[in-house]
Amino acid sequence: MLDTLSNRPDLPAEIARRRTFAIISHPDAGKTTLTEKFLLYGGAIQMAGQVRAKGEARRTRSDFMQMEKDRGISVSASAMSFDFGRFRFNLVDTPGHSDFSEDTYRTLTAVDAAVMVIDGAKGVESQTQKLFEVCRLRDLPILTFCNKMDREARDTFEIIDEIQQNLAIDVTPASWPIGMGRDFVGCYDMLNNRLELMDRADRNKVAESIKIDGLDDPKLAQHVPANLIAKLREEIEMARELLPALDPQSVLEGHMTPIWFGSAINSFGVKELMDGIGTYGPEPQVQKATPRAIAPEETAVTGFVFKVQANMDPKHRDRVAFVRLASGHFKRGMKLTHVRSKKPITVSAPVLFLAADRELAEEAWAGDIIGIPNHGQLRIGDTLTEGEALRVTGIPSFAPELLQQARAGDPMKAKHLGKALMQFAEEGAAKVFKPAFGSGFIVGVVGALQFEVLASRIELEYGLPVRFEGSQFTSARWVSGDKLAVEKFTAANKQHIAHDNDGDIVYLTRLQWDIDRVARDYPDVTLTATKEMM
Ligand code: GDP
């Protein structure tokens, strides 16, 4: 048991004990399995397997979800809270598919750390690398779990070296694997001088933990075959010589990652990883905002919307805004100010994502994620406060990389289609542009798969058949600058002008040359590929 809950003994204990994080990994590395075991140890579920079973029950509800399942991707992200020892973990699920990078990016603005899961046989894979780069942009602390050690894995030094080389981060072993594949017996816990032994007979059993007195302890021979002991001693000696020792400050700054080895499916190494998240993972951090940053211990409640999910319940048109609390102690029924509209919102039915089920949140603290049901007032990037006009920054909207024209299958329903598209735009699932000239909508996404997802959701949730067709445009840029210059620019380029769902002006084109020309001909107008959501 730890003496302190965090680096910040001055924080209220309820805040200091919170760890809000996401898991980043390449598909198939074991994220789902690890999540299940987290929940199992967190006491949130009785038996591993329930997450999947529950997921499946939910998925069969619609063909769209069926598609999600078929493709093995997770389109919708959610949050899960559970207790582990003295800690409260908030695990925010990242959508796994590379097509949803923007959504993933925003999800990562809501966490204080990330757990990187890699497959011991495959090492750092493409999606892991991409997600890691996103974490690096924010200097997020990263804890690494090397999974599937019960299978033939790569040499331990090789794995560590690959992470150091590919991701340019120092790696320090928190545990060291003993044997691998069929010969894998467990790990030597380098931080606590313990032997952790995997139970192959019972996958759900927590590993047996044996305190030993260093590598010369005769107890070692009682549990580990002689040939593996020799190798272990040699490797650990080398590791201690060649690899950096754990430096908690460097971990917090995102320059060093501790690595644990294990097998999620065998429940092995998971508890040590969770201990690690508690010990080395950060408490809720200061949130960047304007005109001033927000500290978690401030008594006034603030929070920001990082995700909106529409139609979670197909019977209702409600959406749920996922709000990360940046400060304070939130209580149900609280009246908060919606800073963008300056209107008060009474949060009477907030949802806390306790892993067992959705539950009404009576209270929540800085670091927690709450869901606020609403009819569309709350948008991604919005800030809620107890009155002060603060705006959380750093939640960007990216210019889409693919544009298509949306057409209603039934021309009589074009208006309905417009409404449906706007709703998806608010959810952040796509960009929707209404051209100043002509009819219809131009829809922009980051990955091609999103068009299919949108078409099937629009059909299912709104009963509207929709076709996506090639558009004459391929790029979109937000227009800003001096008011008169912008007016002059839009008047002269009407064919290229559209408005996004917030009413902001967008310039559409198919040529980079056009974008360069604007920069040349209109020095007082700026075209940007990202827009800060506000
Ligand atoms: P995700 O795509 O990252 O969520 O991966 P999953 O958790 O669904 O795991 C992918 C596959 O790897 C599944 O068939 C799991 O049963 C399997 N798997 C997960 N963890 C382990 C492990 O520790 N050892 C072995 N041998 N297989 C595992």
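For the sequence shown, the residue numbers in the UniProt record's numbering are 1 to 534. For glycine and all other residues, C-beta sits at the position ideal for the given N, C-alpha and C. Treat the numbers as computed from the prediction; the structure is a model and nothing was measured.
{"Query": "CB contact flag (aspartate 139, serine 250, <8 Å)", "Result": "no"}
{"Query": "Beta-carbon separation (whole angstroms), proline 282 vs threonine 172, contact threshold 8 Å", "Result": "With a Cβ gap of about 17 Å, proline 282 and threonine 172 do not count as contacting."}
{"Query": "Residues near glutamate 459 in its chain [Cβ-Cβ closer than 8 Å; skip 5 each side]", "Result": "Pro465 and Val466"}
{"Query": "Cβ shell of isoleucine 159 (< 7 Å), same chain only, five flanking positions each side left out", "Result": "Gly120, Gly123 and Cys146"}
{"Query": "The segment 474-482 in contact with the segment 500-509 per 3-pair CB rule at 8 Å", "Result": "yes"}
{"Query": "Three-way DSSP call (helix, strand, coil) for phenylalanine 89 in this model", "Result": "strand"}
{"Query": "DSSP state of phenylalanine 437 mapped onto helix, strand, coil", "Result": "coil"}
{"Query": "Cα-Cα separation between lysine 219 and glycine 262, rounded to whole angstroms", "Result": "22 Å"}
{"Query": "Span of the alpha helix (DSSP H), counted from its first residue to its last, around serine 126", "Result": "126-137"}
{"Query": "Unbroken beta strand (DSSP E) run spanning aspartate 119, endpoints", "Result": "113-119"}
{"Query": "Own chain residues within Cβ distance below 7 Å of alanine 53, not counting five before or after", "Result": "Interpretation of alanine 53 is limited by its pLDDT of 42, a score under 50 that renders its predicted location unreliable; no figure is taken from the coordinates."}
{"Query": "6 Å Cβ shell around tryptophan 365 - same chain, five flanking residues per side excluded", "Result": "Glu14, Ile15 and His329"}
{"Query": "Inside the segment 255-314 only - beta strand (DSSP E) runs reaching at least 3 residues", "Result": "256-261 and 302-310"}
{"Query": "DSSP-derived helix/strand/coil call for lysine 343", "Result": "strand"}
{"Query": "Proximity test, lysine 307 beta-carbon vs the ligand GDP heavy atom, cut-off 7 Å", "Result": "no"}
{"Query": "Distance CB(residue 542)-CB(leucine 527) smaller than 8 Å", "Result": "Outside the displayed range of the chain (1 to 534) lies residue 542, so it cannot be described from this structure."}
{"Query": "Selected residue, minimal CA-CA separation from proline 225, among Val305, Met238, Asp202 and Phe184", "Result": "Phe184"}
{"Query": "Any non-hydrogen atom of the ligand GDP within 7 Å of alanine 519 CB", "Result": "no"}
{"Query": "Closest residue to asparagine 166 among Lys434, Asp217, Thr35 and Glu133 (Cα-Cα distance)", "Result": "Glu133"}
{"Query": "6 Å Cβ shell around arginine 88 - same chain, five flanking residues per side excluded", "Result": "Arg17 and Arg18"}
{"Query": "Backbone CA spacing between leucine 378 and arginine 332 [nearest angstrom]", "Result": "17 Å"}
{"Query": "Of the residues Leu403, Thr302, Glu241 and Asn493, the one placed nearest leucine 384, counting alpha carbons only", "Result": "Thr302"}
{"Query": "Any non-hydrogen atom of the ligand GDP within 7 Å of alanine 327 CB", "Result": "One point to set straight first is that residue 327 is serine, not alanine, in the sequence displayed. No, Cβ of serine 327 sits at least 7 Å from all heavy atoms of the ligand GDP."}
{"Query": "Rounded C-alpha distance that separates cysteine 187 from leucine 34", "Result": "17 Å"}
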